[in-house]
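K.L.:
Residue numbers (my numbering): 21 to 325.
Below you'll find the structure I mean.
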């Protein structure tokens, strides 16, 4: 066993993680994890994968990969082909730009011809409208004399009287409507619904249990503030979510547990994981710094029970 393998294994055991737990967190096969701890890199596909697996292993244990590579550079094999994907990408980009430019140059003449035709049609339409329209308007103005209307003073007074009567009627209706609304509010006082309760009822070791009451729904949201592995199952042990959350990848996940009475949540890194139940943040019954890996059970009691 190498010094690097010794350090990684001791850190894993200190966090209470088995090889199976680490396999679930990193998605690296167990035999490769064993090879890293024993310093046996011959079973791996190549030097590139050795470095990638060591990096993932270190991140899962919250170690600094750069510090690991620098400290144990004599034990970790090097690779000289890391810049190959970047070179291939540059070649592909130049080829795409060249092909795209050729197609654009073929389209430009057709576009210019279309613009010229549209512009010529616009000029003809403008000339026709200005000349023909002016002549037609002049002829109409000559043939028709303007008609004048004289409004009666009595009609004006009648309109003012009708407006005042209508205004008084509207004010009376508004007063009656306000009185009716006030009576309705007094007869039907608003009753506030009880607030949701999320209470820790038991905790032991890395296990804790909560009761959820006065809730209309059962939705669990997990948010990562670092790198963490989480699992969510219902009361029958059926998995609802299982995977990694991180700031650089999938940062959060939301699980709708409608129709369920229990949720079992396993958190691989409680320090870097926030849990929300129906948008209410769950306060850890066990301090995350004291117990990194935690098993949390939430028992949902519907309102009608």
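For each residue, glycine too, the CB sits at the ideal point set by N, CA and C.
Model, not experiment: these values are computed from the prediction.
So who's on the other strand from residue 261, going by DSSP bridges?
P.N.:
Within the chain shown, the letter at position 241 stands for residue 261. According to DSSP, which records beta bridges pairwise, residue 261 is partnered with 252.
K.L.:
How would you label residue 55, buried or exposed, when you count the other beta carbons within 10 angstroms and need 16 or more for buried?
P.N.:
Counting from 1 along the chain shown, the entry for residue 55 is found at position 35. So residue 55 ends up on the buried side.
K.L.:
Considering only C-alpha positions, which residue in the set 74, 185, 80 is nearest to residue 93?
P.N.:
What you label residue 93 is simply residue 73 of the chain shown in a count that begins at 1. Nearest C-alpha to residue 93: 74.
K.L.:
DSSP state of residue 340, grouped into three classes?
P.N.:
Nothing about residue 340 can be read from this structure; the chain reaches only from 21 to 325.
K.L.:
Could you tell me the alpha carbon to alpha carbon distance between residue 90 and residue 24, rounded to whole angstroms?
P.N.:
Numbered from 1 along the chain shown, position 70 holds the residue referred to as residue 90. Numbered from 1 along the chain shown, position 4 holds the residue referred to as residue 24. Rounded to whole angstroms, residue 90 to residue 24 spans 11 Å at the Cα level.
K.L.:
Helix or strand or just coil, what does DSSP make of residue 215?
P.N.:
Here residue 215 refers to the residue found at position 195 when the chain shown is read from its first residue. In this structure, residue 215 counts as coil in the three-state DSSP scheme.
K.L.:
Give me, in chain order, the residues of the same chain whose beta-carbon lies closer than 8 Å to that of residue 110; leave out the 5 immediate sequence neighbours on both sides.
P.N.:
Residue numbering aside, residue 110 sits at position 90 when the chain shown is read from its first letter. Reliability of the predicted coordinates at residue 110 is poor, the pLDDT of 44 falling under 50, and the value obtained from them is presented with this limitation in mind. Counting only Cβ-Cβ distances below 8 Å, and skipping sequence neighbours, we find nothing.
K.L.:
So is residue 191 buried or exposed if we call it buried at 16+ other beta carbons inside 10 Å?
P.N.:
On the chain shown, residue 191 is found 171 positions in, with the first residue counted as 1. Under this definition residue 191 is an exposed residue.
K.L.:
Going straight from the alpha carbon of residue 263 to that of residue 32, what length do you get?
P.N.:
For the purposes of this step, residue 263 is identified with residue 243 of the chain shown, where counting begins at 1. For the purposes of this step, residue 32 is identified with residue 12 of the chain shown, where counting begins at 1. Answer to the nearest angstrom: the Cα atoms are 19 Å apart.
K.L.:
Going by CA-CA distance only, name the one from 138, 52, 136, 248 that's closest to residue 266.
P.N.:
Position 246 of the chain shown, counting from 1, holds the residue named residue 266. For the residues 138, 52, 136, 248, the minimum Cα distance to residue 266 belongs to 248.
K.L.:
What's the gap between the Cα of residue 44 and the Cα of residue 38?
P.N.:
By one-based count along the chain shown, residue 44 stands at place 24. By one-based count along the chain shown, residue 38 stands at place 18. One C-alpha to the other measures close to 10 Å.
K.L.:
Can you list, in chain order, the residues of its chain with a C-beta nearer than 6 Å to that of residue 246? Leave out the 5 residues immediately preceding and following it.
P.N.:
For the purposes of this step, residue 246 is identified with residue 226 of the chain shown, where counting begins at 1. Answer for residue 246: 292, listed in chain order.
K.L.:
Given that a residue counts as buried once 16 or more other Cβ atoms are within 10 Å of its Cβ, and exposed if not, what is residue 21?
P.N.:
Taking the first residue of the chain shown as position 1, residue 21 is located at position 1. With fewer than 16 other Cβ atoms within 10 Å, it is exposed.
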